[in-house]
Each structure stands twice: as C-alpha cells, then as structure tokens.
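Peer 1:
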Amino acid sequence: MWPALLWMVLSLLTEMGGEGMCGDPPPALTHSIPAPQLSTEERLSPHMPQSLRCDACHAIAFQIEEQLSRAEGKVGKKVLSESDYLEVLERSCSQGWESYGVQEVDGEKRLTGPGLPMQEPMSVMVTGGPWPGRLSKMCHGAVGEQGEAQVYGAHRRGPSALRELLCHGDKGPCPSSKAGGAPPKLQNEL
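The sequence shown begins at 421 in this note's numbering and counts up by one.
1) CB Cys-594 to CB His-478, shorter than 9 angstroms?
2) In chain order, which alpha helix (DSSP H) runs of at least 4 residues are fully inside the region 529-574?
3) List the DSSP bridge partners of Glu-524.
4) With a Cβ-Cβ cutoff of 9 angstroms, do Leu-531 and Gly-521 count as a contact?
5) Entirely within the region 456-511 and at least 4 residues each: give me those alpha helix (DSSP H) ranges in chain order.
6) For chain D, find out if any of its Cβ atoms is closer than 9 angstroms to the Cβ of Glu-524; answer yes or no.
7) Pull up the CB-CB distance for Leu-458 and Tyr-572, whole angstroms please, since I reckon it's below 8 angstroms.
8) Could you give the distance in angstroms between the alpha-carbon of Glu-412 and the alpha-carbon of Leu-582?
9) Counting C-beta neighbours from all protein chains within 10 Å, is the total for Asp-526 16 or more, i.e. buried, or is it exposed?
10) The alpha helix (DSSP H) with Pro-579 in it runs from where to where?
11) Report buried or exposed for Ala-562, applying the criterion of at least 16 other Cβ atoms within 10 angstroms of its Cβ.
12) For Arg-577 versus Val-499, is the C-beta spacing smaller than 9 angstroms?
13) Using only the alpha-carbon positions, how far apart do Met-468 and Cys-474 sit?
14) Between Lys-591 and Phe-482, what straight-line distance do the alpha-carbon atoms span, to the nearest angstrom?
15) Any idea what DSSP makes of Cys-587, helix, strand or coil?
16) Could you have a look at Asn-608 and say whether DSSP puts it in helix, strand or coil?
17) Rounding to the nearest angstrom, what Cα-Cα distance links Leu-472 and Lys-529 in this structure?
18) Evaluate Arg-463 with the Cβ neighbour count: other Cβ atoms within 10 Å of its Cβ, from every protein chain shown; 16 or more gives buried, anything less gives exposed.
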C-alpha cells in the first residue's frame, strides 16, 4: 500500500511541475521599514520637542500613576504619607525611561511606550539617545510646577484626574480633553 501511495504523490508532483518542492526555497518576502527622520532639534536639543510634549506628558502621568499605586499597595494602606509620596514622585521622574522612543506613523512622529496610544506595530522605534533625559526633565518640571501634594491628590482621584492635571490643565501641553473628546485607548487599557 505504501509504495502505491508514494507513487501517487510523486506522480501528482510531477504533473504539477514540482514547483516550490524538492529544495527550491520559496521567494524571500522583504519589507523595508525606514527609521523616523529626526530634525536637528529632535536629535540634539536637551528639551522635549513641542510636537511630542503631549505624548510625553501622558507617558509621565502613566508612570507616576503606576509608581504611586504600587507604593500604596506595598505599604498596605490606602494613603501614603507626605514623605512617602515625595519619595515615589522623585523615583518616578528619575527612572531610566528606556522603554520609550519615537516612531513615525503616517508621516507624523509620535512618542511610544507604556501608557501611550498604540502605534504602528510594523515601524522602527528610535530609543535611547536624548529621549530618557528629556522625559525625566519634563517629569521633574511638571511635578515641580503643579506641586507634589496636588499631583498626589489628583492621583487619589484617579488616572484621568492625574492626566487632566498634568497634561490638559492650564499649564499642560495637550489640548483640553473636554474640547477634544475622550482620550485615545492606551496600550494598557486594550
């Protein structure tokens, strides 16, 4: 029975021309994805470029929220003392920020990383370089400008209150969320 089955398979392959069989590798699929083309300001300035400040603010609000929530869970109490939340806020802003970078999506550069809207999965993300330092500097500036007690109070009201305070308030870099509708879905909310 096996020899007859083998003969039938070989006959069918011969009739089909054996294309793509017997060692012929399939044609290679190639897809070229260019890295974002960064301007001189985006490459060299110590400050976060204006076009990326709203994205950066949302990343900062996300990291502060994560760190404060984690600290509240560790101490086993719902409210942190002033010294505890001051320490957490300092640690939040001084972290490495290496998981953030820039992608180009539909010709527009966007900051990408945890807590930010999902970006194009098939694109190049430029990380490292000036981005971690810029995020840290912007985080320290936002916390200092708003005040640690006000930041912690906004955290206690919820993630949207913290984003509103840091990013969409009078001093925030984003257009008001009240005027722009609901904020986009974040990577951790999907």
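Glycine is no exception: its CB is placed at the ideal position from the N, C-alpha and C atoms.
Peer 2: Considering the structure as presented:
1) Sequence index remark: in the sequence shown, residue 594 carries index 174 (1-based). Sequence index remark: in the sequence shown, residue 478 carries index 58 (1-based). Closer than 9 angstroms, so yes.
2) Runs of alpha helix (DSSP H) with 4 or more residues, each lying fully within the region 529-574, are found at 551-566, listed in chain order.
3) As a first step, residue 524 must be located in the sequence shown, where it is residue number 104. DSSP lists Lys-529 as partners of Glu-524.
4) Within the sequence shown, residue 531 is the residue found at index 111, counting from 1. Within the sequence shown, residue 521 is the residue found at index 101, counting from 1. Here Leu-531 is near Gly-521, since their CB atoms are less than 9 angstroms apart.
5) Segments of the alpha helix (DSSP H) lying fully in the region 456-511: 460-464 and 473-494.
6) Here there is only one protein chain, and chain D is not present.
7) What you label residue 458 is simply residue 38 of the sequence shown in a count that begins at 1. What you label residue 572 is simply residue 152 of the sequence shown in a count that begins at 1. Between Tyr-572 and Leu-458 the Cβ distance is about 35 angstroms, and since that is not below 8 angstroms, they are no contact.
8) There is simply no residue 412 to check, as the chain begins at 421 and stops at 610 in what is shown.
9) The residue you call residue 526 lines up with position 106 of the sequence shown. The residue is exposed, with fewer than 16 neighbouring Cβ atoms inside 10 Å.
10) Taking the sequence shown and counting its residues from 1, the one referred to as residue 579 is at position 159. Residues 579-583.
11) For the purposes of this step, residue 562 is identified with residue 142 of the sequence shown, where counting begins at 1. Buried, because 16 or more other Cβ atoms sit within 10 Å of the Cβ of Ala-562.
12) Here residue 577 is taken as the residue at index 157 of the sequence shown, counted from 1. Here residue 499 is taken as the residue at index 79 of the sequence shown, counted from 1. Going by C-beta atoms, Arg-577 is not nearer than 9 angstroms to Val-499.
13) On the sequence shown, position 48 is the one that residue 468 refers to. On the sequence shown, position 54 is the one that residue 474 refers to. Approximately 10 angstroms, taken between the alpha carbons.
14) Within the sequence shown, numbered from 1, the residue matching residue 591 stands at position 171. Within the sequence shown, numbered from 1, the residue matching residue 482 stands at position 62. Their backbone Cα atoms lie some 18 angstroms apart in a straight line.
15) Counting from 1 along the sequence shown, the entry for residue 587 is found at position 167. Of the three classes helix, strand and coil, the one that applies to Cys-587 here is helix, per DSSP.
16) Position 188 of the sequence shown, counted from the first residue, corresponds to residue 608. With a pLDDT of 43 at Asn-608, under the threshold of 50, the predicted position of this residue should be treated as unreliable, and no value is reported.
17) Taking the sequence shown and counting its residues from 1, one reaches residue 472 at position 52. Taking the sequence shown and counting its residues from 1, one reaches residue 529 at position 109. Between Leu-472 and Lys-529, the C-alpha separation is close to 8 angstroms.
18) Within the sequence shown, residue 463 is the residue found at index 43, counting from 1. With fewer than 16 other Cβ atoms within 10 Å, it is exposed.
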